[in-house]
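Some notes on the structure that comes next.
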């Protein structure tokens, strides 16, 4: 049984915390006695979520803006306490073929999903190193170990998050600061709206990702995959010759899940928000 008493009193910052995985994680950790600070670019929703749950701090945070990120972390440390855990969760997942992706969307995905994680990790690390303790948890994706048609730039961003986090884990291995990656499968949040999971791969619930993050804080390790079945399939397929692995992925429906099979009407609200239309 997981000893969740280790979470009590920890100051946890979560980016993209207004909804979805971020909010589920904040809620789970608060229930275990953590002090929660959530930031999100959606100022109205983050205030609504934070007020409703009584989090210690909540407010607007643009993870692509160094001044915004630094001032948010400064406010957390001033109002709540030294940051023990930083969860870099903010991310977007527009879908579609690369040739149809406007360059501004390509840059937006990379700015939020990659630069935002790098910036957050850097700012968090600068605070944690002098204390010789802390934990940076970066939300990647099983897409970071695979290649899924319709998600080329998103896949690239999550591959980057994995490589970045693994490198920091080694670079700072004797510092007292821990680094972990979380690799969710398609999850039942707005980010996955209108998308049907490939065969054998049921969507995860945001609470499952939250539980995995709880487990990482209690017993840190380099990475965790959710769901376990999706993680095993991803790892096994990755070991196979390309022609075999790609064939299995196509047989499971991965080739169409984020292209032809997308319910455009159900996905429109998320796509508009992700693209800031």
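In full-length UniProt numbering, the protein residues as written are 1 to 277.
C-beta: ideal position from N, C-alpha, C; glycine also.
**Prompt:** Which residues in the same chain have their Cβ closer than 7 Å to the Cβ of residue 109, if we skip the five residues on either side of it in sequence?
**Reply:** Counted from its first residue, the chain shown places residue 109 at position 109. Non-local beta-carbon contacts of residue 109 in its own chain, meaning distances under 7 Å to residues more than five positions away in sequence, involve 92, 94, 153, 154, 157 in chain order.
**Prompt:** Based on the DSSP output, what are the partners of residue 134 in its beta bridges?
**Reply:** Stepping through the chain shown from its first residue, residue 134 is reached at position 134. According to DSSP, residue 134 bridges with 177.
**Range covered by the alpha helix (DSSP H) that runs through residue 155** = Stepping through the chain shown from its first residue, residue 155 is reached at position 155. Here the alpha helix (DSSP H) through residue 155 covers 152 to 171.
**Asked** Cβ of residue 34 within 9 Å of Cβ of residue 12?
**Response** On the chain shown, residue 34 is found 34 positions in, with the first residue counted as 1. On the chain shown, residue 12 is found 12 positions in, with the first residue counted as 1. Yes.
**Asked** Ends of the beta strand (DSSP E) at residue 15?
**Response** In the chain shown, residue 15 corresponds to position 15, counting from 1. Counted as a single uninterrupted DSSP element, the beta strand (DSSP E) harbouring residue 15 occupies residues 11 to 15.
**Prompt:** Among 3, 5, 38, which has the Cα closest to the Cα of residue 16?
**Reply:** Counting from one through the chain shown, the residue named residue 16 turns up at place 16. Looking at the Cα atoms, 38 is the closest of the given residues.
**Span of the alpha helix (DSSP H) around residue 266** = Residue 266 sits at position 266 when you count from the first residue of the chain shown. It spans 264 to 274 - the alpha helix (DSSP H) in which residue 266 sits, taken as one unbroken run.
**Limits of the beta strand (DSSP E) - the one that residue 35 falls within** = Counting from 1 along the chain shown, the entry for residue 35 is found at position 35. From DSSP, the beta strand (DSSP E) with residue 35 extends over 35 to 40.
**Asked** Under three-state DSSP, which class holds residue 189?
**Response** Looking up residue 189 in the chain shown gives position 189. Residue state, collapsed to three classes: coil.
**Message:** Taking the straight line between their C-alpha atoms, what separation do you get for residue 18 and residue 40?
**Reply:** The residue you call residue 18 lines up with position 18 of the chain shown. The residue you call residue 40 lines up with position 40 of the chain shown. Roughly 6 Å between the two C-alpha positions.
**Message:** Taking 7 Å as the limit between beta carbons, can you name the residues of its chain near residue 63, skipping five residues before and five after?
**Reply:** Here the question's residue 63 lines up with position 63 in the chain shown. So the qualifying residues of the chain are 15, 69, 90, 112, 116, 119, 120.
**Prompt:** Is the beta carbon of residue 182 less than 9 Å from the beta carbon of residue 223?
**Reply:** Mapped onto the chain shown, residue 182 falls at position 182. Mapped onto the chain shown, residue 223 falls at position 223. Cβ distance < 9 Å, so residue 182 and residue 223 count as in contact.
**Asked** Whose C-alpha, out of 184, 214, 10, is nearest the C-alpha of residue 142?
**Response** The count along the chain shown starts at 1 and reaches residue 142 at position 142. With respect to the C-alpha of residue 142, the residue from 184, 214, 10 having the closest C-alpha is 184.
**Prompt:** Since residue 188 contacts residue 139 with CB under 8 Å, what's their CB separation in whole angstroms?
**Reply:** For the purposes of this step, residue 188 is identified with residue 188 of the chain shown, where counting begins at 1. For the purposes of this step, residue 139 is identified with residue 139 of the chain shown, where counting begins at 1. Your pair residue 188 and residue 139 does not check out as a contact, with CB atoms roughly 15 Å apart and the cut at 8 Å.
**Prompt:** So, helix, strand or coil for residue 113, using DSSP?
**Reply:** Start at 1 with the first residue of the chain shown, and residue 113 comes out as number 113. Taken through DSSP and simplified to helix, strand or coil, residue 113 comes out as helix.
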